[in-house]
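Trainee:
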Amino acid sequence: MSTAFTTAATHPSSITDLSPSTDTISAPDAVLLAAPDALHPAAPHWGDEAEPTTTHLHPARLLPRLHLTAGQQRPGLSDDGFSDSPAMIALSRQLSAGLHCLPETGSSGRRAGNADPLITVSQRGLGELDLFPQQAWDVAAENLLHRSREAEGFRFYTRPASVLSGQPLPALQVATPGSSPTDWLAHPHTFSIMHFHLRRLMRTEVRYVAPTREVLLAFPARAPELESFGRFLEEHVLDLGRPLLGGRAISYECGFPALSDATH
């Protein structure tokens with residue numbers, strides 16, 4: 001059975017004070033945050049009526065995505081029509097932000113055999129959109145916020161992380177509407193919004209584990225379970241989907257994600 005993502009109506013004194021989980025999937029409650037000021041310098045938002053400059057790419061569909069800087073999970077050549085090196089922005093020594101584009105409605109926009117629905121964008125692709133990498137990165141972050149924005153703020157979903165592993169864990173699983181939760185770590189503006197909300201909710205400093213792109217777990221920074229759960233994930237991460245960072249922990253460093261062993 002699956003447990004619905006739920007939230008507490010008030011800030012709990014500890015993770016264990018969260019409302020009991022249910023046995024049926026239901027529409028999750030929302031966590032709404034007051035909307036902060038727009039990106040500074042402000043990033044333009046292109047509506048659907050804007051005229052795209054290429055067939056498959058459009059500024060309004062750009063999204064940031066978290067990647068390892070090197071290794072197996074680094075994206076290969078772009079599939080934006082240029083087959084060039086992907087546009088990447090360094091976040092820390094081991095982590096980078098890639099720029100990707102949602103396909104046009106009704107079109108995969110992808111090469112045959114590639115299951116990922118997002119188009120990997122190169123710097124030449126950004127040039128076709130008349131955007132520098134820094135501009136495109138800010139636009140992608142604003143698009144990410146736009147997909148989660150409600151009238152009162154931004155929507156997040158949480159549930160006990162023990163639902164995934166069957167282990168009692170002092171952690172939350174985080175989900176975001178319209179995007180992968182790990183995408184929020186790929187820009188300091190979005191990461192700061194998520195991090196400070198979770199820090200208030202959990203009433204402690206937070207570190208993250210991202211075994212796959214779709215699974216993001218928030219732990220108390222000094223939780224001893226980080227070490228044992230890291231080992232568990234290294235053994236079982238393939239059961240959850242395509243690996244991203246395995247059991248390694250991510251710290252929030254002035255808006256940027258920094259990778260470390262869960263034991264450090």
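Residue 1 is where the sequence shown starts when you use the UniProt record's numbering, and the numbers rise one by one after that.
Even glycine gets a Cβ: it sits at the ideal position worked out from N, Cα and C.
Owing to the predicted nature of the structure, the values given are computational and were not obtained by experimental measurement.
A223 and M202: beta carbons closer than 8 Å?
Mentor: Translated into positions along the sequence shown, residue 223 becomes position 223. Translated into positions along the sequence shown, residue 202 becomes position 202. It is not a contact, given that the beta carbons lie outside the stated cut-off.
Trainee: Can you name the start and end residues of the beta strand (DSSP E) that A258 belongs to?
Mentor: By one-based count along the sequence shown, residue 258 stands at place 258. Where A258 is concerned, the enclosing beta strand (DSSP E) stretches over 256-260.
Trainee: Who are the Cβ neighbours of P181 in its own chain at under 6 Å, not counting the five residues just before and after it?
Mentor: Counting from 1 along the sequence shown, the entry for residue 181 is found at position 181. Excluding sequence neighbours, P181 sits near V174, A175, L216.
Trainee: Are T69 and H100 closer than 8 Å when you measure CB to CB?
Mentor: Within the sequence shown, residue 69 is the residue found at index 69, counting from 1. Within the sequence shown, residue 100 is the residue found at index 100, counting from 1. The answer is no: Cβ separation not under 8 Å.
Trainee: How many whole angstroms separate the CB atoms of S92 and E225, which I take to be in contact at a CB cut-off of 8 Å?
Mentor: Counting from one through the sequence shown, the residue named residue 92 turns up at place 92. Counting from one through the sequence shown, the residue named residue 225 turns up at place 225. Incorrect: roughly 24 Å between the Cβ atoms, too far for contact.
Trainee: Closest to P220 by CA distance: which of P211, E214, E205 is it?
Mentor: As a working mapping, residue 220 is identified with position 220 in the sequence shown. Looking at the Cα atoms, E205 is the closest of the given residues.
Trainee: Can you give me the C-alpha to C-alpha distance between L66 and Q167, rounded to a whole angstrom?
Mentor: If you number the sequence shown from 1, residue 66 lands on position 66. If you number the sequence shown from 1, residue 167 lands on position 167. Taking the straight line joining both Cα atoms gives about 27 Å.
Trainee: Skipping 5 residues on each side, what residues in its chain have a beta carbon closer than 6 Å to that of L185?
Mentor: Position 185 of the sequence shown, counted from the start, is the residue given in the question as residue 185. Excluding residues within five positions, the ones whose Cβ falls inside 6 Å are L66, F191, P257.
Trainee: Suppose you measure from the CA of R159 to the CA of L145; what does that come to, to the nearest Å?
Mentor: By 1-based counting over the sequence shown, the position of residue 159 is 159. By 1-based counting over the sequence shown, the position of residue 145 is 145. Going by the C-alpha atoms only, they are around 21 Å apart.
Trainee: Check whether chain B comes within 8 Å of T190, counting only Cβ atoms and requiring the distance to be less than that.
Mentor: Absent here is chain B; the protein component of the structure consists of one chain.
Trainee: Have a look at E128 and A97 and give me their C-alpha separation to the nearest angstrom.
Mentor: Start at 1 with the first residue of the sequence shown, and residue 128 comes out as number 128. Start at 1 with the first residue of the sequence shown, and residue 97 comes out as number 97. One C-alpha to the other measures close to 20 Å.
Trainee: Give me the DSSP bridge partner(s) of Q94.
Mentor: Counting from 1 along the sequence shown, the entry for residue 94 is found at position 94. For Q94, which the question treats as bridged, DSSP gives no partner whatsoever.
Trainee: Would you say L259 and L95 are within 8 Å of each other, going by their C-beta atoms?
Mentor: Taking the sequence shown and counting its residues from 1, the one referred to as residue 259 is at position 259. Taking the sequence shown and counting its residues from 1, the one referred to as residue 95 is at position 95. Yes; because the gap between Cβ atoms is below 8 Å, this pair is in contact.
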